[in-house]
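Taking the UniProt record's numbering as reference, the numbering of the sequence shown is continuous, increasing by one, and the terminal residue is 313. A virtual CB, placed ideally from N, CA and C, is assigned to each residue, including glycine. Treat the numbers as computed from the prediction; the structure is a model and nothing was measured. Written out below as structure tokens is the structure these notes cover.
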Amino acid sequence: MYDLLVKLCLGVIVLLFSTQVFIQIAKKMSHIVKISPLIIGATFVAIGTSLPELVVSMTAVLQKDTGLAMGNIIGSNIVNIFLVLPVAIFTGKLRIGTNKTQRNALIMVGITLIFIFIQFLKPVPIASGLFLIILALLVTVLEFEQGVFGRNHEDSLRFNKKNHNRITILAVIIAVLSIVGIIMGGILVVSSIESISRITGYSTTILGLSLTAVATSLPELLTTVIAQEEHQEKMTIGNIIGSNIYNLLLVGGLTMIFTTGLVIASINWIWLIISTVGFAYILRRYKGIFIPKRLGAVLILLFIVYLFTLGIK
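Right, here's the structure in full:
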């Protein structure tokens, strides 16, 4: 058991350190390419912080553990809203944007409903997976188009100064190495959690919806803490929205291609809808203002209730 805990801690440390390096590179890119931190967070950073989910789900699928794969995808999206978001609220003043944030929130809700509809429709897995991946590419293009538009309009003051920085080969190498670190850390964490499943007797589906989801959401959590400390609230919101989108489209799409079916209890689909729609409502309700601390406490309470319901058969 001692060796298992050491392995788990090592995986978490590698995961968090690699993510911290990655997010620093991402923020520099935001200023170099003159794209809003919201868009950088919703694309480049979101894909990077979704790599642990990708590693977990693909590893689980190859081991024919569909429950762990899908549980990790759904659970991570729920954790991002019920745990990562309140951490952002508590660690700083989280002000909600007024334009791109609202549009991205609607995209996130729409994608979530499409993903759920596909699961209940039970179509050909490969075709559905390819459809989701194509949507991921379209969303990425749309996000960057928003970023370019914002650069010339609402974000023009942010980038009105000349920037002589360039994307260097060293920065690219460091970014690639950080991604490798995220993957390695994710593998270590997953391997440890699988051992916990064998020791405790809990199903991998339940652990995927809870412990694994929290572990693979650590990059988002660290990104949130760092972004809030540096007053990058747009990066925080963008990362949560983008991570949830890419978890469903990219990770979910690849998972469906390599599996024959995805089975998750209906109560967990309900939690996914509640968290996603609730998040969109929060972004709409507090448009242009700060989210109150008390809302963070409500989200933490909902997270506890969610964990409790996982034990209900």
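The alpha helix (DSSP H) enclosing residue i, as first and last residue numbers
i: A88; result: 85-91
i: N72; result: 66-79
i: I169; result: 169-200
i: Y306; result: 293-309
i: F115; result: 100-121
i: I257; result: 252-257
i: I96; result: First-last for I96: undefined, no H or E at that position.
i: I47; result: 46-49
i: A213; result: 211-216
Sub-8 angstroms separation of residue i and residue j beta-carbons
i: T223; j: N244; result: no
i: T216; j: G186; result: yes
i: M235; j: I40; result: yes
i: V251; j: L15; result: no
i: L106; j: I291; result: no
i: F22; j: G48; result: yes
i: I237; j: I96; result: yes
i: N247; j: I73; result: yes
i: L132; j: G296; result: no
i: L121; j: S210; result: no
Expected contact under 8 angstroms - CB spacing of residue i and residue j to nearest Å
i: S275; j: L4; result: No, S275 and L4 are not in contact; Cβ-Cβ is about 30 angstroms, not under 8 angstroms.
i: S57; j: A42; result: With a Cβ gap of about 21 angstroms, S57 and A42 do not count as contacting.
Residue from the options with nearest C-alpha to residue i
i: L272; options: K64, G110, M58, S50; result: G110
i: A280; options: T101, I13, V251; result: T101
i: A227; options: G11, I289, I25; result: I25
i: E220; options: N104, K28, S76; result: S76
i: K287; options: V21, R103, L62; result: R103
i: E143; options: L170, M108, V84; result: M108
i: L299; options: F90, I74, T98; result: F90
i: L62; options: T259, I282, S178; result: T259
CB contact below 8 angstroms: residue i versus chain C
i: S178; result: The structure shown contains no chain C; it is built from a single protein chain.
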